[in-house]
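First the structure, in the form of structure tokens, and then the observations on it.
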Amino acid sequence: MKILHLSDTHLDRSDAPNGHGVNATESLRLMLAELRHQRDVGAVVVTGDLADDGAVEAYAALRELVGEFAAGLGVPVFFTTGNHDERGAFGKVLGSGHLGVDGGDCAETALESDAGERAAVTTVGGWRIVTLDSLVPGEGWGSLGEVQLGWLREVLRTPAGEGTVLAFHHPPVALDHPVQRLFGLRDPELLADVIHGTDVKAVLTGHFHLQLLGFLAGVPVWVTPGVVNRIDLTAPAGTERAVRGASATLVELGGATGPLFHTLHARDPRAHETVHDLGEERIRAFIEARAPRD
Numbered sequence: 012m013k014i015l016h017l018s019d020t021h022l023d024r025s026d027a028p029n030g031h032g033v034n035a036t037e038s039l040r041l042m043l044a045e046l047r048h049q050r051d052v053g054a055v056v057v058t059g060d061l062a063d064d065g066a067v068e069a070y071a072a073l074r075e076l077v078g079e080f081a082a083g084l085g086v087p088v089f090f091t092t093g094n095h096d097e098r099g100a101f102g103k104v105l106g107s108g109h110l111g112v113d114g115g116d117c118a119e120t121a122l123e124s125d126a127g128e129r130a131a132v133t134t135v136g137g138w139r140i141v142t143l144d145s146l147v148p149g150e151g152w153g154s155l156g157e158v159q160l161g162w163l164r165e166v167l168r169t170p171a172g173e174g175t176v177l178a179f180h181h182p183p184v185a186l187d188h189p190v191q192r193l194f195g196l197r198d199p200e201l202l203a204d205v206i207h208g209t210d211v212k213a214v215l216t217g218h219f220h221l222q223l224l225g226f227l228a229g230v231p232v233w234v235t236p237g238v239v240n241r242i243d244l245t246a247p248a249g250t251e252r253a254v255r256g257a258s259a260t261l262v263e264l265g266g267a268t269g270p271l272f273h274t275l276h277a278r279d280p281r282a283h284e285t286v287h288d289l290g291e292e293r294i295r296a297f298i299e300a301r302a303p304r305d
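Okay, structure coming up:
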């Protein structure tokens, strides 16, 4: 099965350029237009930071744009939360985050928790797609928590026909980079313990706005680059440069060599233009202000 994996759309309530001069909605339109020629796709997955400020209007625009695109392919679409998202607005517009071809909620089962975490399960072509909620309100880093991990453990006790794909926002892997180390998934070893020896074949994440492949408990973990922009790691150490250019991933599951991951880039005439360029001092202050405190 093929999955089109997008992340970090960062839509706001207006179809207009943001503070950095990037129109997030236009970036999404451009990316979807470039993906229209893909064939034999089984699902579309969007892993968080859907809305830049959690506005209902942003989720409504996202549902219309991505939902129409997925319906054109005749496939369901799966959304997860990210650190910029708001669970109440997410649920109001997207429900469980699992939408069928007809636009209705298609989740087979969903987590019910006091925190309102958005986690759900749907089977597509024998593949079980599990979306998780790594959002920690008010924080840039992520966590899955005991309740969600316990629920996932129970889900995975029964293998799926083809295998399981997990999708959530914060990567449980990171390069030796201060921003990535701080803002990824906290306590990834807890997730590793849950998925070890199960039928999980791939973990799909976003958040870092760049492409990255690693492993957790022997399972491939893929970080897809962002739709709104991407991070350019050729910048000097200790700094951060974001550039224009919407990207997505084609994930091919199964077969003798799967899963396979291929990055797809929109043909943007302004690609690679700098969106922001933050120096060492600003990055250091940013990290110090947001470091988790026990």
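Our numbering numbers the first residue of the sequence shown as 12 and each following residue consecutively. Yeah, the Cβ is synthetic: ideal placement off N, Cα and C, and Gly gets one too.
- The residue among 176, 98, 268, 189 with its C-alpha nearest the C-alpha of residue 291 is 189.
- Within the same chain, Cβ atoms closer than 6 Å to the Cβ of residue 22 are found at 35, 36, 62, 69, 72, 73, the five residues on either side in sequence being excluded.
- Judged by DSSP secondary structure, residue 158 falls outside any beta strand (DSSP E) and instead within the alpha helix (DSSP H) spanning 156 to 167.
- When DSSP states are grouped into helix, strand and coil, residue 231 belongs to the strand group.
- Shown here for residue 144: same chain residues with a beta carbon closer than 6 Å to its own, the five before and five after excluded, namely 92, 128, 129, 130 in chain order.
- Residue 43 is bridged by DSSP to nothing; it lacks a bridge partner.
- Every alpha helix (DSSP H) of 4 residues or more that sits fully in the region 158 to 224 is shown, in chain order, as 189 to 194, 199 to 206.
- Here the region 241 to 260 makes no contact with the region 202 to 214; the two share fewer than three CB pairs at distances below 8 Å.
- For residue 99, the number of other beta carbons within 10 angstroms of its own is below 16, and it is reported as exposed.
- Contact check for residue 107 and residue 121: beta-carbon distance about 5 Å, within the 8 Å limit, so the pair qualifies.
- Judged by DSSP secondary structure, residue 84 falls within the alpha helix (DSSP H) whose first and last residues are 67 to 84.
- The C-alpha of residue 183 lies about 8 Å from the C-alpha of residue 200.
- Under the three-state reduction of DSSP output, residue 302 falls in the coil class, being neither helix nor strand.
- In terms of Cβ geometry, residue 18 and residue 235 form a close pair [threshold 7 Å].
- Residue state for residue 92 is assigned as coil, using DSSP reduced to three classes.
- Contact between the region 140 to 155 and the region 220 to 240 is absent, with fewer than three C-beta pairs closer than 8 Å.
- Judged by DSSP secondary structure, residue 104 falls within the alpha helix (DSSP H) whose first and last residues are 98 to 105.
- Under the three-state reduction of DSSP, residue 296 is assigned to helix.
- In terms of Cβ geometry, residue 14 and residue 54 form a close pair [threshold 7 Å].
- DSSP lists 88, 116 as the bridge partner or partners of residue 110.
- With contacts defined by Cβ atoms closer than 7 Å, residue 261 and residue 209 do not form a contacting pair.
- Residue 280 counts as exposed, since fewer than 16 other beta carbons sit within 10 angstroms of its beta carbon.
- Non-local C-beta neighbours of residue 40 in its own chain, meaning closer than 8 Å and more than five positions away in sequence, comprise 76, ordered along the chain.
- Membership of residue 138 in the beta strand (DSSP E) is indicated by the continuous run 138 to 142.
- Under DSSP, the beta-bridge partners assigned to residue 251 are 289.
- DSSP places residue 269 in no beta strand (DSSP E); its state is neither H nor E.
- Between residue 26 and residue 186, the alpha-carbon positions lie close to 34 Å from each other.
- In the three-state reduction of the DSSP assignment, residue 20 falls in the coil class.
- Taken atom to atom, the span from the alpha-carbon of residue 206 to that of residue 228 is near 7 Å.
- For the 7 Å CB-CB criterion, residue 138 and residue 165 do not form a contact.
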